[in-house]
Amino acid sequence: MFERLGRTVFRRRWWVLGLAGAFFVFGGVWGTQVFGELTTSGFDDPASESSRALERAEAALGRTGNDLVVLYRSTSMTVDDPAYEQAVTERLDALPHDVVTRTITYWVVIGLFSISGITFIKLIGVAMIIAIVVDATIVRALLVPATMRLLGNTNWWAPAPLRRFHARHGLHETPEAPEAPNGPYPSPDPPDPPDPRPAPTTGTQSDSAA
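In terms of the UniProt record's numbering, the sequence shown is residues 1 to 210.
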């Protein structure tokens, strides 16, 4: 089916391009007619239920305009290393608990909307949960890898001026020198140097005739 559709579109490609261009022009002309209908009064209604719910949430949890992101990096350990996990846990435990206990994940707050008694708030919560699941499974686990596999090296295509600019001024990663292991076990001894003396030859030598 898709093969027949592709052949049909290819045979009538100029018709397809013409219709797409006409639709684009029609959308631009029709869209400019709403410019005079736009106002700067905004979309927030202070008397609405959503505005009152937002005010109560900000009064209880504080304003959500600022986020704090903490990144931990180690040059000798990985995330699966128990020592790394213990070090990060100790750093997190050192934070002031009166501030940390009042914070909560944004997605948890949105997910709790699904148990609200107000219909449109419950709809927002359910829609956000579905969007997160679809984005984490179908989009990121299936569509993105499949698209990158099909495109191949085209994923990293760039115009020639941009490639020249990146070659001259872009950032380049350099491999870091491996560090000495810091584990509880000592490093193995270096191998012995080769013996410069020639190896002895083995074999039998026939006696000379008298």
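Glycine is no exception: its CB is placed at the ideal position from the N, C-alpha and C atoms. Keep in mind that this is a model prediction, so the values were computed, not measured.
Environment of residue i [buried if 16+ CB atoms lie within 10 Å]
i: Phe10; result: exposed
i: Phe24; result: exposed
i: Phe120; result: exposed
i: Phe165; result: exposed
i: Phe113; result: buried
Option in the options with minimal Cα separation from residue i
i: Arg91; options: Ala127, Val70 and Thr75; result: Val70
Close Cβ partners of residue i (< 7 Å) along its chain, the five nearest in sequence each way excluded
i: Ala83; result: Met77
i: residue 212; result: In the structure as shown, the chain begins at 1 and stops at 210. Residue 212 is therefore absent and cannot be evaluated.
Own chain, CB closer than 8 Å to residue i, minus 5 neighbours either side, in chain order
i: Gly125; result: Ile110, Gly111, Leu112, Phe113, Ser114, Ile115 and Ser116
i: Ala210; result: Legend: pLDDT at Ala210 = 45, less than 50; position of this residue unreliable, value from coordinates given subsequently. Cβ neighbours of Ala210 beyond the five flanking positions: none.
Cβ-based neighbour list, residue i, same chain, cut-off 6 Å, excluding 5 preceding and 5 following
i: Ile138; result: none
Contact with chain C by residue i, beta-carbon distance below 8 Å
i: Trp14; result: Here chain C cannot be found, since the structure has a single protein chain.
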